[in-house]
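To start, the structure under review is shown below, and the notes come after it.
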Amino acid sequence: MSFHTAETNLILDCVSENQKIIRGGKDLDIQRAIHYAFPNATDYETFGFKQIGNDLQIKKINYF
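In terms of the working numbering, the sequence shown opens at residue 54 and continues consecutively.
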């Protein structure tokens with residue numbers, strides 16, 4: 054499932070509930086990328102990042 058926003062001109066692909074890919078998002082700063090991919094995230098959650106070409110993959114890591 055993909056989402057597109059005119060504000061950022063980026064496409065968000067939902068791989069799973071805990072993994073998102075921001076198409077063309079390699080130059081986003083970390084806080085903005087987290088807010089874009091996981092708008093309800095808290096300060097206590099942990100995320101992993103991987104750059105794939107021009108895309109940015111973000112994975113929410115659950116330790117529980």
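Each residue gets a CB set at the ideal place from its N, CA and C atoms; glycine is no exception.
Give the straight-line distance between the Cα atoms of residue i and residue j, rounded to the nearest whole angstrom.
i, j, result
"Lys103", "Gly78", "11 Å"
"Val68", "Ile105", "14 Å"
"Ile64", "Lys73", "10 Å"
"Asn62", "Asp96", "26 Å"
"Glu98", "Ile83", "13 Å"
"Asp80", "Tyr116", "28 Å"
"Asn93", "Phe100", "13 Å"
For residue i, which residues in the same chain have their Cβ closer than 8 Å to its Cβ, ignoring the five residues on either side in sequence?
i, result
"Ala86", "Ile75, Gly78, Phe102, Leu109 and Ile111"
"Phe91", "Lys73, Glu98, Phe100, Ile111 and Lys113"
Candidates the options: which alpha carbon is nearest residue i's?
i, options, result
"Ile114", "Asp66, Ile64 and Asn71", "Asn71"
Is it buried or exposed, residue i, if we count other Cβ atoms within 10 angstroms and call 16 or more buried?
i, result
"Tyr89", "buried"
Could you pull the DSSP bridge partners for residue i from this structure?
i, result
"Phe100", "Lys113"
"Gln72", "Ser69 and Lys112"
Can you find the residues in the same chain that come closer than 7 Å, C-beta to C-beta, to residue i, ignoring five residues on each side of it along the sequence?
i, result
"Asp66", "Ser55, Lys73, Ile74 and Arg76"
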